[in-house]
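Throughout the sequence shown, residue numbering follows the numbering used here, covering 1 to 201 in sequence. Glycine included, every Cβ here is placed at the ideal spot set by N, Cα and C.
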Amino acid sequence: MKNIIVGFAIAATTLAACNSSNNKTIDAKQSDVTHDTSMATNNTVGTQATAAATSTAFPAKEIIAGYLQLKNSLAKDNGKDAATAGNTIVAILEKVNKASLSANQMKTYADLQDDIKEHAEHIGANADKIEHQREHFEMLSKDMADLIKTFGNGGQTLYKDFCPMVGDGKGAIWISEVKEIKNPYLGSKMPDCGTVKETMK
Ligand SMILES: [Cu+2]
């Protein structure tokens with residue numbers, strides 16, 4: 001228990017150092033999200049969403065692709081590629097056509113957009129600090145799980161993985177496109193640590 005509290009304190013301090021507005025986010029995201037896949041709506045699936053400003057569909061597929069690119073870069077301990085993926089996510093978010101969203105989608109997106117953007121920006125700006133990127137990736141992963149619940153999986157089967165060894169035994173989730181575990185938090189130190197907790201169809 002002491003370790004957990006210390007872990008939270010360190011995480012909060014680190015993030016406060018890079019942006020004080022993040023403290024609220026940490027509290028809000030501390031409890032893991034329970035998932036009801038039956039609530040997922042796949043109404044953007046099947047439409048070829050583009051990141052163009054004129055797009056009428058939410059670019060769930062593109063955001064997920066950027067996230068997966070980020071996840072795979074971290075699994076390979078490549079902070080430079082992770083930063084590129086972070087910047088890609090920011091660019092996609094900036095082109096979202098909010099007028100195309102339903103009331104329910106708008107509500108979810110309004111809650112998530114600033115958070116996702118901020119984590120993606122920090123990951124983009126810290127190519128040489130992979131452990132810092134991983135702290136933001138942990139919170140980004142929770143946001144992505146929420147995003148997928150509302151906007152669908154972009155037409156591909158996704159897996160929610162969990163590794164109990166991240167953050168001094170606190171554990172952390174990530175989303176993957178493959179069933180095989182490739183740990184983005186521990187990389188080459190422990191590539192296969194973790195289990196599939198949920199299939200997000
Ligand atoms: Cu940061």
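Asked                                                                                                                             : Found
Exposure of Gly169, with buried meaning 16 or more beta-carbon neighbours within 10 Å                                             : exposed
Helix, strand or coil at Ile64 according to DSSP, with G and I counted as helix                                                   : helix
Between the CA atoms of Met190 and Ala60 - distance to the nearest angstrom                                                       : 30 Å
C-beta atoms of Lys62 and Ile92 nearer than 7 Å                                                                                   : With the sequence shown as reference, residue 62 is identified as Glu, and Lys is not the correct amino acid for it. Yes. Within cutoff.
Contacts around Met106, its chain only, beta-carbon distance under 8 Å, and the 5 residues preceding and following it disregarded : Lys98
Pairwise C-alpha distance: Lys160 and Lys149                                                                                      : 12 Å
Entirely enclosed beta strand (DSSP E) segments - the stretch 73-159, minimum 3 residues                                          : none
Contacting residues, own chain, Cβ-Cβ under 7 Å from Ala85 (five flanking each side not counted)                                  : Gly66, Gln69, Leu70, Ser73
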